[in-house]
Amino acid sequence: MGKRPIAEVVAGDDAIPKFEIVSCKKSRKDKTNKAPPIPSRLESNDSAVSLLRVETNSNSEAVNIVNQDILSKAERKAAKKARKEAKEAKKAQKLLSQRTSASESVQESGELNGGDAKAARKAVRKAEKKRLKELAKAEAAEAETPTASSNPISGATSATASHGASSATSPEPIVDLASTYTEHPELTALPRTEIDAFLSAHSVTIDDPITTSNALRPITKFSYLPITDEAQRVPFASFTSPTPIQAATWPALLSGRDMIGVAETGSGKTLAFGVPCVQTISTLPKARRKGVKAVIVSPTRELASQIHDQLVKMASPTGLEVVCVYGGVPKEPQAKAIRKAHIVVATPGRLNDLIGDGSADLSQAEYVVLDEADRMLDKGFEEAIRQIIKCTPSKRQTLMFTATWPPSVRELASTFMQSPVKITIGDNHSGELRANARIKQMVEVIDPRNKEMRLLQLLNQYQRGKNKNDRILVFCLYKKEATRVENFIRRNGFQVAGIHGDLSQEKRTASLESFKQGSVPLLVATDVAARGLDIPAVKVVINVTFPLTAEDYVHRIGRTGRAGKEGLAITLFTEHDKGLSGALINVLKAANQDVPEDLLKFGTTVKKKTHDAYGAFVKDIDPTKKATRITFD
């Protein structure tokens with residue numbers, strides 16, 4: 001078979017149609033709309049080199065025409081693309097020239113490299129296809145440009161029109177919730193002296209690192225709240241006025257500020273963060289309500305359930321879904337419910353589980369609350385809290401409510417918040433450990449063997465006769481101890497329920513509900529019920545065994561004396577607890593309580609706290625086996 005000339009190989013059946021390069025925008029002088037004719041398929045067998053030269057010359061002419069005219073923004077863009085295509089065509093021409101020379105030399109020697117010729121044709125087709133695609137885009141952009149762009153001042157006109165179109169098609173801007181709060185006219189009209197008198201009477205201190213003057217006034221009446229739906233006022237309809245922590249925090253929270261709230265237990269912190277939470281989400285446009293908008297994290301299942309019940313009352317009238325997730329129960333129903341939730345109340349462990357398996361998405365949660373923050377940020381919960389906060393937006397509102405605010409936790413919490421407003425109720429400005437001053441504290445130093453007999457005497461004294469229905473909360477240190485004390489009380493003719501970690505979640509919930517409703521007036525518990533639980537009308541708290549830390553003692557006795565009422569706390573202190581005598585004495589003195597002489601005999605030294613959760617009693621023992629060291633003489 002005879003050998004075909006190289007020109008036929010390159011420009012044979014696979015030859016590329018020839019297109020002339022024209023400006024994608026007509027000049028001001030050319031008013032016609034006629035498009036240049038497109039030549040038919042090449043019939044001659046001209047070489048590919050000649051083809052590319054013609055195209056390159058056409059590109060150069062087009063670029064020169066574009067550069068000579070006053071161009072609009074779209075025209076300048078098209079010209080830039082044309083220049084780019086001219087450069088690419090030059091590169092393709094050079095490549096093809098090199099390959100053609102190589103092919104001719106091969107032809108002279110009697111050998112034809114078909115692979116090189118095919119690659120050359122492919123390069124030419126690819127360059128031409130890309131150029132035509134870019135020109136089509138430029139023409140589409142020209143068609144969308146207003147006709148006013150042909151005017152000498154078309155640049156400004158086109159820019160204005162483009163800006164208007166962009167604004168019309170852009171998504172709805174995010175509502176600035178921080179600017180939506182406006183004081184009630186009656187609140188604004190109050191004289192400053194009346195506001196100062198309220199703050200002074202309730203020992204309210206507001207520390208704002210941003211604003212020192214013209215601070216927001218506390219909402220001293222429920223009617224001052226910016227709530228238009230009367231159904232949202234049902235949860236506090238039975239109260240005459242807001243508590244100090246509620247009145248002081250609501251303006252800052254409704255203004256979108258981060259906040260630290262330090263107040264005694266039973267001061268109404270749940271409504272303090274619950275009302276702004278529901279109000280903030282309910283004012284969002286419906287398109288922005290989808291997904292989890294608020295996360296409230298609490299240390300225990302019982303506290304999480306309690307917060308959930310109160311939020312449901314406020315959120316239901318607005319159509320918001322509130323979901324509570326915690327451990328000890330099946331995870332699948334919670335994973336299904338959380339997908340439809342607007343507000344999630346959770347314990348750290350279960351929430352992290354749901355985040356890990358993809359069931360919980362907190363990327364839109366702009367309202368984050370850490371309740372009982374001092375315990376939440378102890379070493380046992382610190383990493384879990386960090387993981388949760390990492391899953392929330394950086395632009396969020398973060399709240400922390402607690403009864404104590406030690407310096408170490410305060411420093412750690414500052415990493416989560418931006419210029420927070422700190423609101424302290426009471427004269428405890430340093431955030432040190434303080435007990436409720438309305439609680440009368442009685443400490444009895446006794447022999448450990450006499451505990452049960454003394455407990456029985458106290459129950460006969462405070463729950464017989466007219467006081468037989470009074471609620472008494474008995475605290476133990478260990479789960480087995482709690483079970484033993486519960487059985488001892490029941491054997492002596494008292495109705496009693498128990499709550500501790502060895503019980504199932506169903507039994508714990510049933511015991512707590514029966515105690516709240518008054519059907520069972522006695523509840524034996526470990527420290528699981530010591531923090532945050534709002535159990536109404538607890539008359540007496542009895543500590544059968546002193547807790548491991550003075551902080552836990554304050555939270556235990558804080559279950560009584562809530563909502564402005566008086567309370568009584570009785571503690572059975574033994575020689576085994578003498579290491580905590582100094583810390584207990586400090587708590588008693590700070591609350592102006594009597595200190596027994598027998599307690600002072602144990603000393604007033606306060607042991608250094610070696611562990612955030614276990615005080616000075618943490619086991620510093622490494623159970624791992626140590627390597628045996630062998631020494632050779």
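For the sequence shown, full-length UniProt numbering begins at 1 and goes up steadily by one.
Even for Gly, the Cβ is constructed at its ideal location relative to N, Cα and C.
Please read all numbers here as calculations on a predicted model, not as lab measurements.
Whether residue i touches residue j by CB criterion (9 Å)
i: ILE439; j: HIS202; result: no
i: GLU444; j: LEU572; result: yes
i: GLN232; j: THR318; result: yes
i: TYR224; j: ALA294; result: no
i: LEU399; j: LEU253; result: yes
i: VAL262; j: THR404; result: yes
i: ALA365; j: ALA591; result: no
i: GLN463; j: LEU503; result: no
i: ASP371; j: LEU320; result: no
i: VAL557; j: VAL524; result: In the sequence on display, residue 557 carries Ile and not Val. It is not a contact, given that the beta carbons lie outside the stated cut-off.
i: ILE472; j: LYS539; result: yes
i: VAL474; j: VAL421; result: no
i: PHE222; j: SER241; result: yes
i: GLU183; j: PRO251; result: yes
i: ASN586; j: THR604; result: yes
i: ILE307; j: THR280; result: no
i: SER359; j: ARG339; result: yes
i: VAL528; j: HIS500; result: yes
i: TYR181; j: SER255; result: yes
With 16 other Cβ atoms within 10 Å as the buried cut-off, status of residue i
i: MET417; result: buried
i: ALA11; result: Low per-residue confidence applies at ALA11: pLDDT is 44, beneath 50, and the placement is therefore not dependable enough to give any value.
i: ALA197; result: exposed
i: THR243; result: buried
i: PRO536; result: exposed
i: ALA287; result: exposed
i: GLU551; result: buried
i: VAL210; result: Reading the sequence as shown, one finds Ile at residue 210 and not Val. Classification of ILE210: exposed, given that the 10 Å Cβ count is below 16.
i: PRO191; result: exposed
i: ARG449; result: exposed
i: ARG41; result: Summary for ARG41: the model assigns pLDDT 43, below 50, so the residue's position carries little reliability; its value from the coordinates is reported in the next sentence. Exposed, because fewer than 16 other Cβ atoms sit within 10 Å of the Cβ of ARG41.
i: ALA356; result: The residue you asked about is not Ala; residue 356 is Gly in the sequence shown. Burial call: exposed.
i: THR193; result: exposed
Backbone CA spacing between residue i and residue j [nearest angstrom]
i: PHE494; j: THR188; result: 55 Å
i: VAL369; j: GLY465; result: 44 Å
i: VAL234; j: ILE227; result: 11 Å
i: residue 652; j: GLY567; result: Since the first residue of the chain shown is 1 and the last is 633, residue 652 is not available in this structure.
i: ILE296; j: GLN517; result: 26 Å
i: ALA79; j: HIS342; result: 52 Å
i: THR402; j: ASN467; result: 32 Å
i: PRO330; j: THR392; result: 25 Å
i: ALA148; j: GLU85; result: Residue placement at ALA148 cannot be trusted, given a pLDDT of 38 that sits under 50; what the coordinates show is reported in the next sentence. Each residue's alpha carbon lies about 28 Å from the other.
i: ASP447; j: GLU383; result: 41 Å
i: ALA413; j: ARG375; result: 12 Å
i: ARG257; j: ILE195; result: 21 Å
i: ILE219; j: PRO299; result: 29 Å
i: ASN113; j: LYS90; result: Since pLDDT at ASN113 reaches only 47, below the 50 mark, its modelled position is unreliable, and no value is offered.
i: ASN492; j: ALA335; result: 45 Å
i: ARG562; j: ALA373; result: 19 Å
i: LEU588; j: PHE239; result: 31 Å
i: SER581; j: LEU600; result: 8 Å
i: residue 637; j: VAL204; result: This structure gives no information on residue 637, because the portion of the chain shown stretches from 1 to 633.
i: LEU354; j: SER305; result: 17 Å
i: ASP361; j: ARG289; result: 14 Å
i: VAL312; j: PHE236; result: 13 Å
Distance between beta carbons of residue j and residue i, contact taken as under 8 Å
i: MET259; j: ILE388; result: Wrong, their Cβ atoms sit about 18 Å apart, outside the cutoff.
i: ASP577; j: PHE546; result: 4 Å
i: THR560; j: VAL541; result: 5 Å
i: VAL292; j: MET314; result: VAL292 to MET314, Cβ: 17 Å. No contact.
i: VAL496; j: VAL520; result: 7 Å
i: THR249; j: ALA272; result: 5 Å
i: MET442; j: ILE570; result: 5 Å
i: residue 670; j: GLY268; result: Outside the displayed range of the chain (1 to 633) lies residue 670, so it cannot be described from this structure.
i: PRO301; j: GLN505; result: Inspection of the sequence shows that residue 301 is occupied by Arg rather than by Pro. So it is a contact: roughly 6 Å between Cβ atoms.
CB contact below 9 Å: residue i versus chain C
i: LYS81; result: No chain C is present in this structure, which holds just one protein chain.
Q. Does the segment 498-512 come close enough to the segment 449-460 that 3 or more CB-CB pairs lie under 8 Å?
A. no
Q: Would you check if the segment 340-360 and the segment 319-332 touch, i.e. whether three or more CB-CB distances between them fall below 8 Å?
A: yes
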